[in-house]
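>
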Ligand SMILES: C[S@@+](CC[C@H](N)C(=O)[O-])C[C@H]1O[C@@H](n2cnc3c(N)ncnc32)[C@H](O)[C@@H]1O
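Residue numbers (the numbering used here): 55 to 305.
1. With distances taken from CA atoms, which of 152, 98, 263 is nearest residue 119?
2. Using a Cβ distance threshold of 8 Å, determine whether the stretch 222 to 229 contacts the stretch 256 to 270, with at least three qualifying pairs required.
3. Can residue 63 be considered in contact with ligand 1, in the sense that its beta carbon sits closer than 6 Å to one or more heavy atoms?
4. Report yes or no: do three or more beta-carbon pairs, one from the stretch 73 to 90 and one from the stretch 234 to 248, lie closer than 8 Å?
5. Taking the alpha-carbon positions, what's the residue 299 to residue 271 distance?
6. Once DSSP output is grouped into helix, strand and coil, what is the label at residue 131?
7. Can you tell me where the beta strand (DSSP E) with residue 304 in it begins and where it stops?
8. Enumerate in chain order the residues of its own chain whose CB-to-CB distance from residue 318 is below 6 Å, with the five nearest sequence positions on each side excluded.
9. Mind checking whether the beta-carbon of residue 188 lies closer than 6 Å to any heavy atom of ligand 1?
10. Is it right to say residue 252 is buried, meaning 16 or more other beta carbons lie within 10 angstroms of its own, or is it exposed?
11. Does any heavy atom of ligand 1 sit closer than 6 Å to the C-beta of residue 185?
12. Can you grab the Cα-Cα spacing for the pair residue 124 / residue 97, in whole Å?
13. For residue 207, which beta-bridge partners are listed by DSSP?
14. Residue 66: which of 129, 179, 294, 260 sits nearest, CA to CA?
15. Is residue 265 near ligand 3, judged by its Cβ being under 6 Å from some heavy atom?
16. Would you say the beta carbon of residue 120 is closer than 6 Å to some non-hydrogen atom of ligand 1?
17. From residue 218 to residue 279, what does the alpha carbon distance come to, in whole angstroms?
18. With DSSP run on the structure shown, which of helix, strand or coil describes residue 266?
19. Can you check the stretch 186 to 234 for any beta strand (DSSP E) of at least 3 residues that lies completely inside it and give the ranges in chain order?
20. Decide if the stretch 80 to 89 is in contact with the stretch 154 to 161; the criterion is three or more beta carbon pairs, one per stretch, under 8 Å apart.
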């Protein structure tokens, strides 16, 4: 099993909040504006929730909650409850979402660490998008059991794979990172984006580094299948699917 776990800037506590926000915006731009990754994730979640009759969807490691936002916009989730949470919650964004979708979206304002079991109510589907690779390889088996114990369903999505094509595409994120101030020109925060992406382009450089490291941190389908062979303490049968630059693991 691959055990290399290089550092990512996203994991560092010393990153100023304005830079962290800019890194999330580049991520959202790559996964929603440039590629329809987040749309694919929310569509797959909705399909699973409808088929298996889940009543609650929890986005773990939600960051700025792009998946909860997309799900909330869809009227087919009107009878579901959607919850966003993170180890470092983006409370201003969660508050906005709660106000825009009262009674439908909720968020946990205190840190929720998905590597530890959490007593979610029954009929809950846990979803992790672009976040499982933040767990070091030696801790991943424990986290898989914690997730299994915590809810009736789990879906893990990743927008990258550990392949040469995916690593190349990770380097290409330089382009949306540099274009961010233009792509988001109509939204507040232009000066902040110009600062971190152009004047002092550490935001751009950090994002490209994090993307390449995220690709290296991924498990291959074979590694996923081996990890999921360990008893998860559940009769649920895991599914592992890969595409050119994304993957889905669900059980
Ligand atoms: C690359 S960001 C992805 C955020 C979001 N899912 C998205 O797609 O935009 C990874 C997120 O995982 C969160 N995270 C990392 N380890 C975590 C843990 N053990 N428990 C909860 N959240 C975690 C980080 O705080 C960060 O917000």
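Each residue gets a CB set at the ideal place from its N, CA and C atoms; glycine is no exception.
Taking the structure as given:
1. The residue labelled residue 119 in the question sits at position 65 within the chain shown. Taking only the C-alpha atoms, the option nearest residue 119 is 152.
2. The stretch 222 to 229, when compared against the stretch 256 to 270, does touch it at the 8 Å Cβ threshold.
3. For the purposes of this step, residue 63 is taken as the residue at position 9 of the chain shown. No, the beta carbon of residue 63 sits no closer than 6 Å to any heavy atom of ligand 1.
4. Because the criterion of three Cβ pairs below 8 Å is met, the stretch 73 to 90 and the stretch 234 to 248 touch.
5. Walking along the chain shown from the start, residue 299 turns up at place 245. Walking along the chain shown from the start, residue 271 turns up at place 217. Going by the C-alpha atoms only, they are around 14 Å apart.
6. For this step, residue 131 is matched to residue 77 along the chain shown. Note: residue 131 maps to helix in three-state DSSP.
7. Position 250 of the chain shown, counted from the first residue, corresponds to residue 304. For residue 304, the enclosing beta strand (DSSP E) stretches over residues 301 to 304.
8. A query on residue 318 cannot be resolved here, the shown segment of the chain reaching from 55 to 305 and no further.
9. In the chain shown, residue 188 corresponds to position 134, counting from 1. Within 6 Å of the C-beta of residue 188 there is at least one heavy atom belonging to ligand 1.
10. Counted from its first residue, the chain shown places residue 252 at position 198. Label assigned to residue 252: exposed.
11. Position 131 of the chain shown, counted from the start, is the residue given in the question as residue 185. Residue 185: yes, Cβ under 6 Å from ligand 1.
12. Residue mapping note: residue 124 aligns to position 70 of the chain shown, counting from 1. Residue mapping note: residue 97 aligns to position 43 of the chain shown, counting from 1. Answer to the nearest angstrom: the Cα atoms are 9 Å apart.
13. The sequence position of residue 207 within the chain shown is 153, counting from 1. The partner list for residue 207 (beta bridge, DSSP) reads 179.
14. For the purposes of this step, residue 66 is identified with residue 12 of the chain shown, where counting begins at 1. Check the Cα spacing between residue 66 and each of 129, 179, 294, 260: the tightest is with 260.
15. What this structure holds is ligand 1, not ligand 3.
16. By 1-based counting over the chain shown, the position of residue 120 is 66. Yes.
17. Taking the first residue of the chain shown as 1, we reach residue 218 at position 164. Taking the first residue of the chain shown as 1, we reach residue 279 at position 225. Spanning the two alpha carbons is a distance of roughly 21 Å.
18. Walking along the chain shown from the start, residue 266 turns up at place 212. DSSP, read as helix, strand or coil, puts residue 266 in helix.
19. Listed in chain order, the complete beta strand (DSSP E) runs (minimum 3 residues) inside the stretch 186 to 234 are 207 to 212.
20. Short answer: they don't touch.
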